[in-house]
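Converting from the sequence shown to my numbering requires adding 328 to each position, the first position being numbered 1. Think of the CB as a built atom: it goes at the ideal place given N, C-alpha and C, for glycine as much as any other residue. Contents: one structure, followed by commentary.
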Amino acid sequence: MQDLRAQQQTTWFLTLFLMLLAVPAFADDAPQLRITGNASDAVNSNIRALVNLSRYPCEPPTAQFGLIRRQILANSQQALQAMGYYESTLSLQTDQQDGCARVTLDVNTGPAVILQRADIRIRGDAANDPAFNQLVATAQLAIGQRLQHDQYTSLKKNLQQQLISRGYVQGQLTRNQLSVDTRKRQATITLHMDSGPRYDFGAITLTGSELRDKLVDAYVSFHEGEPFDSKQLLETQQAFLGAGYFSAVRVQKGTPDDDSRTIPVSINLTDNNRWSLLAGVGASTDTGPRVRLGVENRRVNRAGHRFRAETEVSQVQQGAGASYQIPLKDPQRERLDFHTSYVNEVTDSKDNERWTTGADYIVELQNRWVTTTSLTYLRETYEIAGEVDQAELIIPGFQLSRVKANDPIYPSFGWRLSSKIRFANRNLSSTASFLQLTGSGKLLFPLLGGRVLMRGDLGYTEVTDVRELPASIRFFAGGDSSVRGFAYESLGPRADNGDVIGGRHLATGSLEYDHPITEKWHLAVFTDGGNAFNNVNDFEIRRSAGFGIRWRSPLGPIRLDLARAVDEHRDWRVHLSMGPDL
Numbered sequence: 329m330q331d332l333r334a335q336q337q338t339t340w341f342l343t344l345f346l347m348l349l350a351v352p353a354f355a356d357d358a359p360q361l362r363i364t365g366n367a368s369d370a371v372n373s374n375i376r377a378l379v380n381l382s383r384y385p386c387e388p389p390t391a392q393f394g395l396i397r398r399q400i401l402a403n404s405q406q407a408l409q410a411m412g413y414y415e416s417t418l419s420l421q422t423d424q425q426d427g428c429a430r431v432t433l434d435v436n437t438g439p440a441v442i443l444q445r446a447d448i449r450i451r452g453d454a455a456n457d458p459a460f461n462q463l464v465a466t467a468q469l470a471i472g473q474r475l476q477h478d479q480y481t482s483l484k485k486n487l488q489q490q491l492i493s494r495g496y497v498q499g500q501l502t503r504n505q506l507s508v509d510t511r512k513r514q515a516t517i518t519l520h521m522d523s524g525p526r527y528d529f530g531a532i533t534l535t536g537s538e539l540r541d542k543l544v545d546a547y548v549s550f551h552e553g554e555p556f557d558s559k560q561l562l563e564t565q566q567a568f569l570g571a572g573y574f575s576a577v578r579v580q581k582g583t584p585d586d587d588s589r590t591i592p593v594s595i596n597l598t599d600n601n602r603w604s605l606l607a608g609v610g611a612s613t614d615t616g617p618r619v620r621l622g623v624e625n626r627r628v629n630r631a632g633h634r635f636r637a638e639t640e641v642s643q644v645q646q647g648a649g650a651s652y653q654i655p656l657k658d659p660q661r662e663r664l665d666f667h668t669s670y671v672n673e674v675t676d677s678k679d680n681e682r683w684t685t686g687a688d689y690i691v692e693l694q695n696r697w698v699t700t701t702s703l704t705y706l707r708e709t710y711e712i713a714g715e716v717d718q719a720e721l722i723i724p725g726f727q728l729s730r731v732k733a734n735d736p737i738y739p740s741f742g743w744r745l746s747s748k749i750r751f752a753n754r755n756l757s758s759t760a761s762f763l764q765l766t767g768s769g770k771l772l773f774p775l776l777g778g779r780v781l782m783r784g785d786l787g788y789t790e791v792t793d794v795r796e797l798p799a800s801i802r803f804f805a806g807g808d809s810s811v812r813g814f815a816y817e818s819l820g821p822r823a824d825n826g827d828v829i830g831g832r833h834l835a836t837g838s839l840e841y842d843h844p845i846t847e848k849w850h851l852a853v854f855t856d857g858g859n860a861f862n863n864v865n866d867f868e869i870r871r872s873a874g875f876g877i878r879w880r881s882p883l884g885p886i887r888l889d890l891a892r893a894v895d896e897h898r899d900w901r902v903h904l905s906m907g908p909d910l
């Protein structure tokens, strides 16, 4: 049988750096600033942000010290007042350190000014706009606490930006003031805004694409007459770019019309090239090196149909397939996929050749769950444990899945869930009757500066005899994404001759922790367990443990692991895999 261990290749790159000699040019350091006193780190940081000594030479002329002194005192007072300290006292001393001037600023902050009151008033249509109410509610004005100017300036800026973003063309701040009573050590923030009327989306002009207007319109997330919101413009642009039909998208708002109180929008589209070439390479110890080649027609017709044909070759699998995709009423969330494929697979446990043809109805729900309703015809010739058989099945199925992550390639938190049901029946032109349920999940979360990755896979099949199932329907365990430390699909029920024949059911799991050693490299430790089986009473869990290294390569995550069985004596196994964590 085929040896599935992929050979490791180590490539060394030698780079020669030439050192160029030049006449050295010397530049003096700037005077150093040292801050002492009772100010907090936050106050000291604010002082350093405003006091800039980098423009002065290391040893300024005596005449320049007066200018430096005035700058430090003035900017420091400004920094302290911004943090609520209006009665601070400052003193300066200068000395030499390492041949360079050093200025020591001693700060006594004095008592802080307290924010006593915030007078926030909104008039006009925005008074009933939840977005403004939420903005004020989350402004975190610390009433009764030390005054901080940035709370006032931030809220003021956000109110002005919100007016523009949500279509309040005539809106303005009628009063904005930060009043400080240094005698009482109290401050009042006053922000009065008159938003005026909120404008609506006006005429929407779409140009530049040969696709049907009905299809293009479906990617626009707003309609004429709805309240204006610039976020909808960004969402629309992202929807067009994510569709794959367009190479460039330009969404612009026009000049507001005061008579109709509307804002027109123009959208200019540049169609993508109709044909594209597909190519990819990868490697794993399960399948060995693999190469994928194909072509895609992104725009078969004006209705936006797509066609794709590709072939993939590895040590274990060789196959080719084609698919035809039809966007439906909501092309972002609803489509039909017709597909056909041929795969020849040879592993240590099975040898099978299968043809599949089918159709999938795919819908992305509003809550981001994806449903797939499928009907598949499978014709498979397979050899397991020296026995050759053939199956023809018509398999209806339904799948529910979702992936959520804070980063699509290198997430620090996220999860993936998927569940599927499929069946066949002899009364529906099939050679076997079965009902199969599968579920899988991954959870990724940060811990102690690293990440914890938990994985689980479950499978259940209701069938009279597992030998009625073709090889591709049976469950096997072991390999890079199953139970490491064991060969690919080497775990499961066995025939009398010892060959693995696969089982009705599956239960595997994994617990892994990885920790960064550099920005691009992580070390990992893990333990895996599980097996494929026919009956619960026969379930024999196989466990393994190991360690590995993770590389955040330009192509995505690459994982190299060493794993070994825990409960039996086996050699260490190398596992190489590529692809996203979720």
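Uninterrupted beta strand (DSSP E) stretches at least 3 residues long and entirely within the segment 562–594 occur at 574–581, given in chain order.
Here residue 376 carries a helix assignment [DSSP, helix/strand/coil]. Among the bridge pairs identified by DSSP, residue 705 is matched with 685, 722. Here DSSP, grouped into helix, strand and coil, assigns residue 469 to coil. Taking the Cα of residue 720 as reference, the smallest distance to any Cα among 637, 752, 733, 700 is reached at 752.
A Cβ-Cβ distance of about 4 Å is found for the pair residue 680 and residue 799, placing them in contact under the 8 Å criterion. Here the alpha carbons of residue 445 and residue 775 stand approximately 41 Å from one another. For the segment 485–550, the full-length alpha helix (DSSP H) segments reaching 4 residues or more read 541–545 along the chain.
Between residue 688 and residue 658, the beta carbon gap of about 16 Å keeps them out of contact (Cβ cut-off 8 Å).
Scanning its chain for C-beta atoms nearer than 7 Å, with the 5 sequence neighbours on each side dropped, one finds around residue 888 the residues 876, 877, 904, in chain order. Looking at the backbone, the Cα of residue 648 and that of residue 606 are separated by about 13 Å. DSSP places residue 399 in no beta strand (DSSP E) but in the uninterrupted alpha helix (DSSP H) bounded by 390–410. Residue range 616–625 is occupied by the beta strand (DSSP E) that includes residue 617. Counting along the chain, residue 848 sits inside no beta strand (DSSP E), nor does DSSP assign it H or E at all. Taking all protein chains in view, the Cβ of residue 846 is surrounded by fewer than 16 other Cβ atoms within 10 Å, so the residue is classified as exposed.
Distance between residue 723 and residue 482, taken at the CA atoms: about 59 Å.
Put simply, the backbone Cα of residue 896 is about 55 Å away from that of residue 568.
The C-beta separation of residue 358 from residue 382 comes to about 5 Å, placing the pair in contact by the 8 Å criterion. Remark: three or more beta-carbon pairs, one from each stretch, lie closer than 8 Å, so the segment 760–769 and the segment 782–792 are flagged as touching. Taking residue 405 as the centre and dropping the five residues before and after it, the same chain places the C-beta of 416, 418 closer than 8 Å to its C-beta, in chain order. Distances from the CA of residue 738 to each of 859, 850, 611 were compared; the closest alpha carbon is that of 850.
Following the DSSP letters along the chain, one finds residue 788 inside the beta strand (DSSP E) bounded by residues 778–790. Scanning its chain for C-beta atoms nearer than 7 Å, with the 5 sequence neighbours on each side dropped, one finds around residue 637 the residues 622, 623, 650, in chain order. At the C-beta level, residue 683 and residue 663 stay beyond 8 Å of one another. The beta-bridge partner set that DSSP reports for residue 871 consists of 857. Per DSSP, the unbroken beta strand (DSSP E) holding residue 673 starts and ends at 662–674. Beta-bridge partners of residue 413 (DSSP): none assigned. Under the three-state reduction of DSSP output, residue 772 falls in the strand class.
One alpha carbon belongs to residue 817, the other to residue 644, and they sit about 12 Å apart. Assigned with DSSP and collapsed to three states, residue 453 falls in helix. Contact holds between the segment 795–815 and the segment 863–875, because three or more Cβ pairs, one in each stretch, are under 8 Å apart.
With 16 or more other CB atoms across the displayed protein chains lying within 10 angstroms of its CB, residue 678 is buried. If the five residues before and after residue 909 are omitted, its C-beta is found closer than 7 Å to the C-beta atoms of 739, 772, 781, 885, all from its own chain and listed in chain order.
When secondary structure is reduced to three states using DSSP, residue 895 falls in the coil class, being assigned neither helix nor strand. In this structure, the straight-line span from the alpha carbon of residue 901 to that of residue 853 is close to 14 Å.
For residue 713, the closest alpha carbon among the candidates 821, 555, 541, 867 is that of 821.
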